[in-house]
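Trainee: This is the structure I have questions about; it appears just below.
Number of protein chains: 2
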Amino acid sequence: MTEPLFFEDVAVGDRRTTGTVAVTAESVIAFGRAYDPQPFHTDAEAAVESFFGELVASGWQTTALTMRLLVEGAVLGGTPLIGAGVEEIRWPRPTRPGDILTAETEILELLPAGRRPDIGMIRVRTTTKRQDGDAVQTMITRMVLPRRLPAAE
Amino acid sequence: MTEPLFFEDVAVGDRRTTGTVAVTAESVIAFGRAYDPQPFHTDAEAAVESFFGELVASGWQTTALTMRLLVEGAVLGGTPLIGAGVEEIRWPRPTRPGDILTAETEILELLPAGRRPDIGMIRVRTTTKRQDGDAVQTMITRMVLPRRLPAAE
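Sequence lines, in order, name chains A and B. Okay, so the first sequence: first residue is -12 according to our numbering, each after it adds one. Okay, so the second sequence: first residue is -12 according to our numbering, each after it adds one.
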């Protein structure tokens, strides 16, 4: 078990790189059928006539696969990954079957606790890249980190 | 087939309400295992000891289910739903097994074409509510709409 990471353990500029995940046509179609049933996500033939011209992953699958990379990559050590919200997501190009994705995180800002003294927040930029290094997604999120409680006085 | 909607057909303030989708424990666990493998999304027993105290859906599953509601609800008529990016997502409370979700959209702004005269963009607020009317997600996205091409002069 990896050691949990606390708010006091992180700094602006900290970076992590995750492992990889391979995107298959089967998983693109399964996600599309369940969550984004449009022809360009569910049917390789019909996709040719569509906006994208080929079968592509739902942007939300790229986001979900990124989450899996962050969890499996234990980017906050043993601390659970609890999202407090999203500030921005961009999909500069679509994820396609055959792509191999990896994610890179960078802490942009530390946001000390508001009402709760036991947690802090971090603003994190996550860039999801495919095998050629081009980004398929950029995202800025806020995540919750526990704080080490101050010693009783 | 529903008529496609063009940029010229929509106005700020336009609202739509989708149908509903039921959230099952099975689908929460399946999504969790595939995309957000943390105990509070994959294991009802282990979830009791976790941050959430119970099994809850990944926030990204709430987002994905919202996409399904928007597609099935044909909120842009017969026009495909092409996201151009996300400006904000908040999850004021988690989605839980047994919840029945619905989504409401409102057009916040029309953003006429930049370089491409054949498309326009709209800023849309989407609120995902559960059966008691409380929001489990609020989101602001940009979506692409085709423009009616001007007549040749």
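By construction, the Cβ of each residue, glycine as well, lies at the ideal position given by its N, Cα and C atoms.
Work out the CA separation of A61 (chain B) and P25 (chain B) for me, nearest whole Å.
Mentor: Note on identity: in this sequence residue 25 (chain B) is Gln, with Pro being the wrong assignment. Each residue's Cα considered, the two are about 33 Å apart.
Trainee: Cα separation between T115 (chain A) and W78 (chain B)?
Mentor: Cα to Cα, T115 (chain A) sits roughly 22 Å from W78 (chain B).
Trainee: Among the residues of its own chain, which have a CB less than 6 Å from the CB of G107 (chain B), if the five just before and after it don't count?
Mentor: Excluding positions up to five away in sequence, the list reads F(-6), P99, A100, L132 and R134.
Trainee: If you draw a straight line from the alpha carbon of T11 (chain B) to that of P104 (chain B), how long is it in whole angstroms?
Mentor: Computed Cα separation, rounded: 44 Å.
Trainee: Is Q25 (chain A) close to chain B? Criterion is C-beta to C-beta, closer than 7 Å.
Mentor: Chain B contact via Cβ: present.
Trainee: Compare the C-beta of F(-7) (chain A) against all C-beta atoms of chain B and say whether one is closer than 7 Å.
Mentor: It does not; no Cβ of chain B falls within 7 Å.
Trainee: Please check the pair A44 (chain B) and R83 (chain B), which I expect to be a contact at CB under 8 Å, by giving their CB distance rounded to whole angstroms.
Mentor: Sure, about 7 Å apart at Cβ, within 8 Å.
Trainee: Can you tell which of A:V(-1), A:V(-3), A:V8 and A:L97 has its C-alpha closest to the C-alpha of L52 (chain A)?
Mentor: Checking every option, the nearest Cα to that of L52 (chain A) belongs to A:V8.
Trainee: Assuming R55 (chain B) and D86 (chain B) form a contact by the criterion Cβ under 8 Å, report the distance between their Cβ atoms to the nearest whole angstrom.
Mentor: Their Cβ separation, rounded to whole angstroms, is 14 Å, which puts R55 (chain B) and D86 (chain B) out of contact at 8 Å.
Trainee: Please list, in chain order, all residues of the same chain as V35 (chain A) whose beta carbon is under 8 Å from its beta carbon, the five residues on each side excluded.
Mentor: Cβ neighbours of V35 (chain A) beyond the five flanking positions: E41.
Trainee: What does the Cβ neighbour count give for T(-11) (chain B), buried or exposed, with the cut at 16 atoms within 10 Å?
Mentor: Exposed, since its Cβ has fewer than 16 Cβ neighbours within 10 Å.
Trainee: In this structure, does DSSP put Q25 (chain A) in helix, strand or coil?
Mentor: Coil, per DSSP.
Trainee: Whole angstroms are fine: how far does the CA of A71 (chain B) sit from the CA of G64 (chain B)?
Mentor: Their Cα atoms are separated by approximately 18 Å.
Trainee: Would you kindly check if the distance between the Cβ of V111 (chain B) and the Cβ of T49 (chain B) is under 7 Å?
Mentor: No.
Trainee: The alpha helix (DSSP H) that contains E32 (chain A), what's its start and end?
Mentor: From DSSP, the alpha helix (DSSP H) with E32 (chain A) extends over A31 to A34.
Trainee: Looking at T113 (chain B): is its Cβ nearer than 7 Å to the Cβ of A90 (chain B)?
Mentor: Closer than 7 Å, so yes.
Trainee: Any beta-carbon of chain B closer than 7 Å to the one on G120 (chain A)?
Mentor: By this cut-off, G120 (chain A) is not an interface position.
Trainee: Give the single residue among A:L68, A:T92 and A:T128 whose Cα lies nearest to the Cα of G0 (chain A).
Mentor: Ranking A:L68, A:T92 and A:T128 by Cα distance to G0 (chain A) puts A:T92 first.
Trainee: Going by the beta-carbon positions, is the gap between I69 (chain A) and F18 (chain B) smaller than 7 Å?
Mentor: Going by C-beta atoms, I69 (chain A) is not nearer than 7 Å to F18 (chain B).
Trainee: Which class does L98 (chain A) belong to by DSSP, given the choice of helix, strand or coil?
Mentor: Strand at L98 (chain A).
Trainee: Can you tell me which of the three DSSP states R135 (chain B) falls into?
Mentor: Coil at R135 (chain B), not helix or strand.
Trainee: Does the Cβ of D119 (chain B) have 16 or more other Cβ atoms within 10 Å, making it buried, or fewer, making it exposed?
Mentor: With fewer than 16 other Cβ atoms within 10 Å, it is exposed.
Trainee: Going by other Cβ atoms of all chains shown within 10 Å of its Cβ, with 16 needed for buried, is D23 (chain A) buried or exposed?
Mentor: Classification of D23 (chain A): buried, given that the 10 Å Cβ count is 16 or more.
Trainee: Kindly indicate which residue of A:G46, A:I16, A:W47 and A:A21 has the alpha-carbon position closest to the one of E32 (chain A).
Mentor: Minimum Cα distance to E32 (chain A) is reached at A:I16.
Trainee: Starting from G72 (chain B), find everything on chain A with Cβ-Cβ shorter than 8 Å and list it in chain order.
Mentor: Chain A residues near G72 (chain B): E75, I76, R77 and W78.
Trainee: For the segment 108 to 132 of chain A, which residues have a beta carbon sitting closer than 7 Å to at least one beta carbon of chain B?
Mentor: Against chain B - using a Cβ distance shorter than 7 Å - the segment 108 to 132 of chain A contributes no residues.
Trainee: Just the Cα atoms here: how many angstroms apart are D(-4) (chain B) and L(-8) (chain A)?
Mentor: Answer to the nearest angstrom: the Cα atoms are 51 Å apart.
Trainee: Got a sec? Which residues, its chain only, sit under 8 Å from E96 (chain A) by beta carbon, not counting five neighbours each side?
Mentor: Contacts found: V(-1), I109 and R110.
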